[in-house]
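Protein chains: 2
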Amino acid sequence: MAWSIADVCRMSGVSSRTLRHYDAIGLLPPAWIAGNGHRHYEEADLLRLQQILLMRELGLGLREIQAVLDSRADPVAVLREHQRRLLGERDRLETLVRTVGRTIAELEEGGKMNKTVKINRPENLFEGFEDESAAAGAETEAEVRERWPEAWEQAREAKQAMTADDQDWWQREVTAQMIRLAEFMAAGVPVDAPKVQAELDIHYAGIRRFWTPNAEAYKGLGQTYVDDPRFRRNYDRIAEGLAVYQRDAMAVYADTLLS
Amino acid sequence: MAWSIADVCRMSGVSSRTLRHYDAIGLLPPAWIAGNGHRHYEEADLLRLQQILLMRELGLGLREIQAVLDSRADPVAVLREHQRRLLGERDRLETLVRTVGRTIAELEEGGKMNKTVKINRPENLFEGFEDESAAAGAETEAEVRERWPEAWEQAREAKQAMTADDQDWWQREVTAQMIRLAEFMAAGVPVDAPKVQAELDIHYAGIRRFWTPNAEAYKGLGQTYVDDPRFRRNYDRIAEGLAVYQRDAMAVYADTLLS
DNA sequence: ACTAGGAGTTGACGTTGCGGCAACCGCAAG
DNA sequence: CTTGCGGTTGCCGCAACGTCAACTCCTAGT
Chain C
1 MAWSIADVCR MSGVSSRTLR HYDAIGLLPP AWIAGNGHRH YEEADLLRLQ
51 QILLMRELGL GLREIQAVLD SRADPVAVLR EHQRRLLGER DRLETLVRTV
101 GRTIAELEEG GKMNKTVKIN RPENLFEGFE DESAAAGAET EAEVRERWPE
151 AWEQAREAKQ AMTADDQDWW QREVTAQMIR LAEFMAAGVP VDAPKVQAEL
201 DIHYAGIRRF WTPNAEAYKG LGQTYVDDPR FRRNYDRIAE GLAVYQRDAM
251 AVYADTLLS
Chain Y
1001 MAWSIADVCR MSGVSSRTLR HYDAIGLLPP AWIAGNGHRH YEEADLLRLQ
1051 QILLMRELGL GLREIQAVLD SRADPVAVLR EHQRRLLGER DRLETLVRTV
1101 GRTIAELEEG GKMNKTVKIN RPENLFEGFE DESAAAGAET EAEVRERWPE
1151 AWEQAREAKQ AMTADDQDWW QREVTAQMIR LAEFMAAGVP VDAPKVQAEL
1201 DIHYAGIRRF WTPNAEAYKG LGQTYVDDPR FRRNYDRIAE GLAVYQRDAM
1251 AVYADTLLS
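Here is the structure:
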């Protein structure tokens, strides 16, 4: 009762290349190999192949299949883990589908991003703005330290804990959010709109990485964005009036959520 | 206003390896290359990179991104096509998740397929049974030709239209269905259960590839499975009494859906 | 006896989007 | 003079095979 590779192909529907591959990686070695090198399979091999195909249809990788078949892994545990990955992938695709859908809609209606207010993504589209910590370093920082001494201390510690990569990432995040806010402003969205306040949620969460301000302090920070020329220039370099828009949004956020 | 590769990395968050890759495939060549081979990027390149990253986050392939950016493709059309693929993938994962879930449940409850009735997946797990058309060729076929001459003619034509690969596939399908039915029988599921009748739906659809029997003819075919020793042996080789089970299920199917 | 054909073999490349490593080069500071 | 940084090219690896290419064996037909 032995079958040639072609027999197995016909019976199982897999290609001979696949069977050779499975042999090469040790997943399904043939029962014996003839003098001329031809592979020959027996019943037990077919049984094993059936298991392989079953698990393959479930989307398992060959390595995992091998582990299970050589009883080096618990089938149920492997399947559960696999299902978790599948769910994750499905969710990822789900949100991707929606994002793509939104992008299509934007492209179709907006023609190509023609806003009334100019949004500058200036020389440095990613760079954000000239090192905020350094720029604000000299005078503003002294002011902050004076007004909220313990906040200043916390912020210093948190910043110390960031690696250079973290700081780059943080920089990009801040810039990206500024641009998103600028788009809302350009679209005429009022600062108390849920979309805007959702952005402020992110902003507040970001600030909390360094320091957890109360309502008053958060509003004060917003005012600083407008008053301090270094901050203000960074905001207005993205779009005219963005600093004011941000301050107003922060005030609303403070009043509604931080009171 | 030119930036080195490391500058662009810091600003954009992509690795230098990635930028070199994008250069290598022509997706984002640097503005100019210095005498020492160092790449230098300018504002336009950053703009392009931004677009690239945007589309990359949408899950587009680099080739498609390139086509879009070189305006060799319509962005909306590409995105729509992409979304279709995403939806397909999502659905595939969705059904996979369910299938895996069912498999887990089966493994957990069934311990490991301990049925009361033995199901043989004999020497040839895939082969199905000895060439049905050849086995039934001699006498049964003559009988069929006599009783339903035009059916015989249609069947002959349909079978001629199948390639060798098709026939292999068909063989495997038939065997797989027999095994599924045998499992129902082993589990004591009555022939009029919806699950069983759903299988019969598939069986009837399969038969219709060759021939569209009415209720009487379909019941007659079921009886042939029991009476003809060649058919019967094939069925009972899978599990004792399967031929009778199949006949009864076919009779119910004929009475309820083909009358 | 010669030869065509079919079934089988090994080996290597291509697919996607890079990560990681090795080896090398140019330039500035200690 | 050496060290180190920042840059380069080039190649392997990944997952699971598809797709040649080149070659060997065995059988059947002429």
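Going down the list, the protein sequences come from chains C and Y. For the first sequence, position 19 (counting from the first letter as 1) is numbered 19 according to our numbering, and the numbering increases by one without interruption. For the second sequence, position 32 (counting from the first letter as 1) is numbered 1032 according to our numbering, and the numbering increases by one without interruption. Virtual Cβ for every residue (Gly too), placed ideally from N, Cα, C.
Can you check whether the CB of Arg1048 (chain Y) is closer than 8 Å to the CB of Ile1005 (chain Y)? The Cβ atoms of Ile1005 (chain Y) and Arg1048 (chain Y) do not sit closer than 8 Å to each other.
To test your reading of the DSSP string, which unbroken beta strand (DSSP E) runs of 3 or more residues are found completely within the stretch 1025-1072 of chain Y? 1039-1041
Tyr245 (chain C) versus C:Ile179, C:Ala215 and C:Glu216, residue with shortest Cα-Cα distance: C:Ile179
Kindly indicate which residue of C:Ala155, C:Pro194 and C:Pro30 has the alpha-carbon position closest to the one of Arg208 (chain C). C:Ala155
Helix, strand or coil at Trp3 (chain C) [DSSP, three-state]: strand
With three or more C-beta pairs closer than 8 Å as the rule, is the stretch 1210-1230 of chain Y touching the stretch 1163-1180 of chain Y? No contact exists between the stretch 1163-1180 of chain Y and the stretch 1210-1230 of chain Y.
Pick out whichever of Y:Leu1058, Y:Arg1085, Y:Arg1080 and Y:Pro1075 has its Cα sitting closest to the Cα of Thr95 (chain C). Y:Leu1058
Three or more C-beta pairs closer than 8 Å, one from the stretch 54-68 of chain C and one from the stretch 1020-1036 of chain Y: is that the case here? no
Which residues of the stretch 1166-1179 of chain Y have a Cβ closer than 7 Å to any Cβ of chain C? Give them in chain order. Asp1168, Trp1169 and Arg1172
Under 8 Å between the Cβ atoms of Leu86 (chain C) and Val1100 (chain Y)? yes
With distances taken Cα to Cα, identify the nearest neighbour of Val1196 (chain Y) among Y:Arg1232, Y:Arg1247 and Y:Tyr1041. Y:Arg1247
Other residues of its chain near Ala1031 (chain Y): CB distance less than 8 Å, five sequence neighbours each side excluded: Ala1002, His1040, Tyr1041, Glu1042, Ala1044 and Asp1045
Nearest-angstrom beta carbon gap, Ala254 (chain C) and Lys219 (chain C) [assumed within contact, 8 Å]: Correct: roughly 5 Å between the Cβ atoms.
Going along chain C in order, which residues have a C-beta closer than 9 Å to the C-beta of Glu1108 (chain Y)? Here the neighbours are Val76.
Distance, Cα to Cα, Ser1071 (chain Y) vs Gln83 (chain C)? 40 Å
Would Arg1010 (chain Y) be called buried (16 or more neighbouring beta carbons within 10 Å of its own) or exposed? buried
In the structure shown, what three-state DSSP assignment does Trp1211 (chain Y) receive? The answer is coil: DSSP assigns Trp1211 (chain Y) none of H, G, I, E or B.
Indicate whether at least one CB of chain Y lies closer than 8 Å to the CB of Lys115 (chain C). Because Lys115 (chain C) sits at a pLDDT of 44, beneath the cut-off of 50, its placement in the model cannot be relied upon, and the point is left open.
Counting only beta-carbon atoms, is Thr1018 (chain Y) nearer than 8 Å to chain C? no
What number of angstroms, rounded off, separates the C-alpha of Arg1098 (chain Y) from the C-alpha of Arg80 (chain C)? 12 Å
Determine the direct distance from the alpha carbon of Val252 (chain C) to that of Pro213 (chain C), and round the result to whole angstroms. 15 Å
Which of the three DSSP states is assigned to Ser12 (chain C) in this structure? helix
Answer yes or no: does any C-beta atom of chain Y fall closer than 8 Å to that of Val68 (chain C)? No, because no Cβ of chain Y sits closer than 8 Å to the Cβ of Val68 (chain C).
Looking only at its own chain, which residues have a Cβ that is under 6 Å from the Cβ of Ala249 (chain C), when we skip the five neighbours before and after it? Val191, Val196 and Leu200
Closer than 6 Å by C-beta to Phe129 (chain C): which residues in its own chain qualify, once you throw out the five before and the five after it? Chain order, please. Below a pLDDT of 50, predicted positions are generally treated as unreliable, and Phe129 (chain C), at 46, falls in that range; the measurement from the model is reported next regardless. Non-local C-beta neighbours of Phe129 (chain C) in its own chain, meaning closer than 6 Å and more than five positions away in sequence, comprise Asn234, ordered along the chain.
What is the rounded straight-line gap between the Cα of Gly13 (chain C) and the Cα of Leu19 (chain C)? Going from the Cα of Gly13 (chain C) to the Cα of Leu19 (chain C) covers about 11 Å.
Can you confirm whether Leu1027 (chain Y), when its beta carbon is compared against all beta carbons of chain C, has any partner nearer than 8 Å? no
For the stretch 185-240 of chain C, list the alpha helix (DSSP H) runs that are entirely contained and at least 4 residues long, ordered along the chain. 194-208, 215-227 and 229-238
Answer yes or no: do Val1076 (chain Y) and Glu108 (chain C) have a C-beta to C-beta separation smaller than 8 Å? yes
Can you list, in chain order, the residues of its chain whose CB lies under 7 Å from that of Asn36 (chain C), leaving out five sequence neighbours each side? none
Here's the rule: buried if 16 or more other CB atoms are within 10 angstroms of the residue's CB, otherwise exposed. What is Leu181 (chain C)? For Leu181 (chain C), the number of other beta carbons within 10 angstroms of its own is at least 16, and it is reported as buried.
Per-residue burial, Leu242 (chain C) [other beta carbons within 10 Å of its own, 16 or more giving buried]: buried
Would you decide whether Ala187 (chain C) is buried or exposed? Buried here means 16 or more other CB atoms lie within 10 Å of its CB. exposed
Identify which residue in C:Val8, C:Ala198, C:Thr103 and C:Arg172 has its Cα closest to the Cα of Thr256 (chain C). The candidate whose alpha carbon is nearest that of Thr256 (chain C) is C:Ala198.
Looking only at its own chain, which residues have a Cβ that is under 7 Å from the Cβ of Ile1202 (chain Y), when we skip the five neighbours before and after it? Gln1177
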